[in-house]
Amino acid sequence: MIQRIKPVAFLMGIGMCCVLWSACANQPVGTSNNGNSVPRAETAKPPSDKGDRVVTGGDLDFMNQAAMGSMAEVELGRLAINQAASADVKGFAQHMIDDHSKAAGELKQLAQGKNVMLPPEVSPSHKQTMEKLMKLKGAEFDREYVKAMVEDHIKDVTAFGAVSQNATDADVKAFAVKTLPTLQQHLQMIRGIAAKMDVK
33 MIQRIKPVAF
43 LMGIGMCCVL
53 WSACANQPVG
63 TSNNGNSVPR
73 AETAKPPSDK
83 GDRVVTGGDL
93 DFMNQAAMGS
103 MAEVELGRLA
113 INQAASADVK
123 GFAQHMIDDH
133 SKAAGELKQL
143 AQGKNVMLPP
153 EVSPSHKQTM
163 EKLMKLKGAE
173 FDREYVKAMV
183 EDHIKDVTAF
193 GAVSQNATDA
203 DVKAFAVKTL
213 PTLQQHLQMI
223 RGIAAKMDVK
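Numbering follows the numbering used here, with no gaps: position 24 of the sequence shown is 56.
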């Protein structure tokens with residue numbers, strides 16, 4: 033015997049289906065791995081990071097100076113490999129090429145992330161040092177190169193030390209903190225060579 037559905041119950045059933053369909057229709061959907069639409073939770077829109085990428089003032093000056101300094105150390109290192117007489121000086125020069133090339137690459141990546149255009153060449157003062165050293169060879173080159181490296185690394189350690197503590201930009205600060213120990217090691221090495229050669 034077939035039971036008849038009461039009109040009231042039937043209408044209530046339709047009403048519940050409509051409510052459920054409406055709730056599902058209003059829920060945001062995503063796409064599953066098989067291409068079907070599946071419900072997903074709302075995610076907050078990530079905040080814009082454009083403001084975090086702006087580097088100005090002392091941080092920007094530091095990046096520019098660090099870029100020019102690294103380029104100069106690499107170029108002077110290559111010059112020393114060819115023109116130095118001392119094995120210690122040549123060994124130090126190779127450290128300059130390796131370590132400052134690595135630091136320059138890391139700084140370049142940092143600059144790209146911050147939309148900073150780094151200088152394409154060394155500073156005028158570095159050019160003067162290079163021009164002076166290019167005219168020298170052997171022991172005379174060694175003494176002048178060592179003297180220049182001591183002066184440069186004292187400045188570098190001071191600058192990187194200050195930025196590692198006082199930089200406004202967190203990424204610039206992290207770069208300075210990471211690079212500082214290498215520069216301190218360079219200064220210790222070149223001071224040892226200078227003492228050995230009696231360079232003051």
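From the three backbone atoms N, C-alpha and C, an ideal C-beta is built for every residue, glycine too. All values reported here derive from a predicted model rather than from experimental measurement.
Ordered along the chain, which non-local residues of its own chain (more than five positions away) have a Cβ less than 8 Å from that of residue 214? So the qualifying residues of the chain are 131 and 135.
Mind checking whether residue 180 and residue 161 have CB atoms under 9 Å apart? yes
How would you write the range of the alpha helix (DSSP H) that residue 149 sits in, first residue to last? Neither: residue 149 is in no alpha helix (DSSP H) and is coded neither H nor E.
In whole angstroms, what is the alpha-carbon distance linking residue 220 and residue 200? 29 Å
For the alpha helix (DSSP H) containing residue 196, name the first residue and the last one. Where residue 196 is concerned, the enclosing alpha helix (DSSP H) starts and stops at 170 to 198.
Is the separation between the beta-carbon of residue 143 and that of residue 99 shorter than 9 Å? In this structure, residue 143 sits near residue 99, with a CB-CB distance shorter than 9 Å.
Where residue 93 falls, given that 16 or more other Cβ within 10 Å makes a residue buried: exposed
To the nearest angstrom, report how far apart residue 168 and residue 125 are at their CA atoms. 16 Å
Have a look at 128, 176, 96 and 154 and flag the residue whose alpha-carbon is nearest the alpha-carbon of residue 217. 128
What would DSSP say about residue 36, mapped onto helix, strand or coil? Low confidence applies to residue 36: its pLDDT is 48, below 50, so where it sits in the model is not reliable, and the reading given next is rough at best. It is coil, neither helix nor strand.
Could you check which residue in 207, 226 and 228 has the C-alpha nearest to that of residue 145? Nearest option by C-alpha distance: 207.
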